[in-house]
Amino acid sequence: MGQKKEFEEKQRHGTVEFPLGLHKMEYPQNTDAIFYLHWHQEFEFLVVTRGKMLFTIEQQDYVLEQGDGIFVNSNQLHSAKTIDGEACAFFAVDFSYQILSEDIHSRFAKKYIRPVLHEKTCFPVHLKAQGEEWQQEILRQLAEISACPEHGLEEYELLVRSRIFAVWDLMTHHASHVESSREEHRYSERLAPVVAYMQENYAYEITLSELAELLPMSEGQFCRVFKHTMKMSPMQYLMRYRILQSCRMLQDTDKKVGEIANLSGFNNISYFNKVFLNTIGCTPKEYRANSNY
């Protein structure tokens, strides 16, 4: 698979003043993976302009027909493949919340952005070309952005921003909402130092007992609270975080795979390769080879 791939692990789209990127991609017949499992902090809308794609977000599969679109929330793992090796094409719009509001603590952000980031407001994911009128309108708005050039996009800033606001308005009006209890909010705040500890010390051995002691809780109670709040076990979170850090090192450094495994918290390269393959869908060497433009 020598085709150019989009790996957006660390890359920021657009500029500081205009944090939005437009990407138009085409893949010939007999291409397999379009991009491997990855995540990024930006929101993403992707629309298929030719052929079909199998899109996976956090282990949920979506078949996108020509004209269909999909929404990927911030920090969600996602990947895409062709279907039966058919040629396909798409455009993607990746943007920071700052397109909508510079201040994440503003009244506007508190009402319209933070609930989406925290998955309390759940936007529709699959936007169908043959769907309801509001879905078709979102796809029309996105198509107007795609008509702009990929480079020199800042010249179209007013048009692009206005279309993003229109799309966000329609998505908000057709979103579902998850009510968070006071207990969930309390647990989320209480787990914050544990998550920070894992992110700061992922390269070292970390045990359940030392994580539980940070709160403090029994190991059993800690595991139940963490899984209920984070939707995965503490060790699953840690392994995912380690693998994602290794992805950055594979892309951004020339370090050997064994050294990256060690720096990511794995003292066994075979186990690292196994976890990487299960998480990302390819080996570390394949990921590095395909992350070069």
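So my numbering is basically just the index in the sequence shown, starting at one, shifted up by 1.
We treat Cβ as the ideally placed atom computed from N, Cα and C, and that holds for glycine.
All of these numbers come straight from a predicted model, not from anything done at the bench.
DSSP, read as helix, strand or coil, puts D95 in strand.
The shortest C-alpha to C-alpha distance from A110 to any of I35, E287, F166, N76 is the one to F166. Looking only at K286, L245, G266, F277, the smallest Cα-Cα distance to K257 is reached by K286. Listed in chain order, the non-local C-beta contacts of N76 below 6 Å within the same chain comprise W40, local neighbours out to five positions each way being set aside. The three-state reading of DSSP puts H106 in coil, since its state is none of H, G, I, E or B. In the DSSP assignment, F227 falls within the unbroken alpha helix (DSSP H) covering 220-231.
Annotated three-state conformation of I114 is coil, per DSSP. D95 is a Cβ neighbour of E45, given a cutoff of 9 Å.
The C-beta distance from E66 to V48 rounds to 11 Å, too long to fall under 8 Å, and the pair is not in contact. Straight-line measurement puts the Cα of L278 at about 19 Å from the Cα of L55.
The alpha-carbon separation between K275 and G68 amounts to approximately 36 Å.
Excluding sequence positions up to five before and after Q246, its CB lies within less than 7 Å of the CB of Y203, S265, all in the same chain and listed in chain order.
In the three-state reduction of the DSSP assignment, T57 falls in the strand class, which pools E and B. Under the DSSP assignment, H174 falls in the alpha helix (DSSP H) whose first and last residues are 158-174.
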